[in-house]
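Numbering (the numbering used here), first residue to last: 179 to 257.
From the three backbone atoms N, C-alpha and C, an ideal C-beta is built for every residue, glycine too.
For reference, the structure is listed below as C-alpha coordinates.
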(Lines of atoms letter the chains of each structure in order from A; the text may use other names.)
(Lines give C-alpha, C1' and ligand atoms only; values in the text may rest on other atoms or scores of the structure.)
Protein backbone atom coordinates (compact mmCIF):
# COMPACT_ATOMS: atom_id res chain seq x y z
CA UNK A 179 0.00 0.00 0.00
CA UNK A 180 0.82 3.67 -0.17
CA UNK A 181 3.43 4.88 2.33
CA UNK A 182 4.38 8.41 1.25
CA UNK A 183 5.57 10.54 -1.65
CA UNK A 184 8.10 13.29 -2.28
CA UNK A 185 9.18 15.32 -5.26
CA UNK A 186 11.98 17.44 -6.62
CA UNK A 187 12.22 19.65 -9.69
CA UNK A 188 12.13 16.73 -12.15
CA UNK A 189 10.41 13.81 -10.43
CA UNK A 190 7.63 12.77 -8.11
CA UNK A 191 8.57 9.62 -6.21
CA UNK A 192 5.95 7.41 -4.59
CA UNK A 193 6.95 5.06 -1.78
CA UNK A 194 4.59 2.10 -1.76
CA UNK A 195 6.23 0.23 1.09
CA UNK A 196 9.01 0.64 3.58
CA UNK A 197 11.73 -2.00 3.34
CA UNK A 198 13.91 -1.61 6.40
CA UNK A 199 16.25 -4.47 5.43
CA UNK A 200 17.23 -2.69 2.20
CA UNK A 201 18.02 -4.82 -0.84
CA UNK A 202 19.10 -8.43 -1.16
CA UNK A 203 22.29 -7.10 -2.78
CA UNK A 204 23.13 -5.11 0.36
CA UNK A 205 22.30 -8.13 2.53
CA UNK A 206 24.64 -10.26 0.41
CA UNK A 207 27.45 -7.68 0.59
CA UNK A 208 27.07 -7.37 4.36
CA UNK A 209 26.88 -11.12 5.12
CA UNK A 210 29.02 -12.33 2.18
CA UNK A 211 26.49 -15.07 1.41
CA UNK A 212 22.81 -15.96 1.23
CA UNK A 213 21.79 -19.52 2.04
CA UNK A 214 20.02 -21.82 -0.40
CA UNK A 215 16.96 -21.83 1.85
CA UNK A 216 16.82 -18.00 1.89
CA UNK A 217 17.27 -17.87 -1.88
CA UNK A 218 14.50 -20.43 -2.36
CA UNK A 219 12.20 -18.41 -0.09
CA UNK A 220 12.88 -15.10 -1.89
CA UNK A 221 12.46 -16.64 -5.36
CA UNK A 222 9.24 -18.34 -4.31
CA UNK A 223 7.83 -15.00 -3.16
CA UNK A 224 8.81 -13.32 -6.45
CA UNK A 225 7.25 -16.09 -8.56
CA UNK A 226 4.05 -16.27 -6.48
CA UNK A 227 3.58 -12.50 -6.52
CA UNK A 228 4.06 -12.37 -10.29
CA UNK A 229 1.74 -15.32 -10.89
CA UNK A 230 -1.01 -13.91 -8.69
CA UNK A 231 -0.92 -10.61 -10.57
CA UNK A 232 -0.85 -12.41 -13.95
CA UNK A 233 2.17 -10.38 -14.94
CA UNK A 234 5.59 -11.17 -16.33
CA UNK A 235 8.46 -11.00 -13.86
CA UNK A 236 10.40 -7.73 -14.08
CA UNK A 237 12.66 -7.92 -17.15
CA UNK A 238 15.66 -6.34 -15.39
CA UNK A 239 15.44 -8.15 -12.07
CA UNK A 240 18.65 -8.14 -10.04
CA UNK A 241 19.61 -8.28 -6.37
CA UNK A 242 19.67 -4.49 -6.04
CA UNK A 243 15.98 -4.30 -7.01
CA UNK A 244 14.77 -6.99 -4.61
CA UNK A 245 14.00 -5.39 -1.24
CA UNK A 246 13.08 -6.93 2.10
CA UNK A 247 10.62 -5.51 4.62
CA UNK A 248 10.79 -6.04 8.39
CA UNK A 249 9.10 -9.46 7.99
CA UNK A 250 11.65 -10.44 5.31
CA UNK A 251 8.94 -10.31 2.65
CA UNK A 252 10.21 -9.56 -0.84
CA UNK A 253 9.24 -6.32 -2.58
CA UNK A 254 10.37 -5.50 -6.11
CA UNK A 255 11.37 -1.90 -6.65
CA UNK A 256 13.85 0.53 -8.07
CA UNK A 257 15.88 3.40 -6.71
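Rounded to whole angstroms, what is the Cα-Cα separation between residue 192 and residue 254? Sequence index remark: in the chain shown, residue 192 carries index 14 (1-based). Sequence index remark: in the chain shown, residue 254 carries index 76 (1-based). About 14 Å.
How is the alpha helix (DSSP H) around residue 204 delimited, first residue to last? Here residue 204 refers to the residue found at position 26 of the chain shown. First-last of the alpha helix (DSSP H) with residue 204: 202 to 209.
Residues in its own chain within less than 7 Å of residue 203 by CB, not counting five upstream and five downstream? The residue given as residue 203 occupies position 25 in the chain shown. Same-chain partners within the cutoff: 241 and 242.
Verify whether the separation of the beta carbon atoms of residue 224 and residue 252 is less than 9 Å. In the chain shown, counting from the first residue as 1, residue 224 sits at position 46. In the chain shown, counting from the first residue as 1, residue 252 sits at position 74. It is a contact, given that the beta carbons lie within the stated cut-off.
Cβ neighbours of residue 190 in the same chain (closer than 7 Å, five flanking residues each side left out): Taking the first residue of the chain shown as 1, we reach residue 190 at position 12. Excluding positions up to five away in sequence, the list reads 183.
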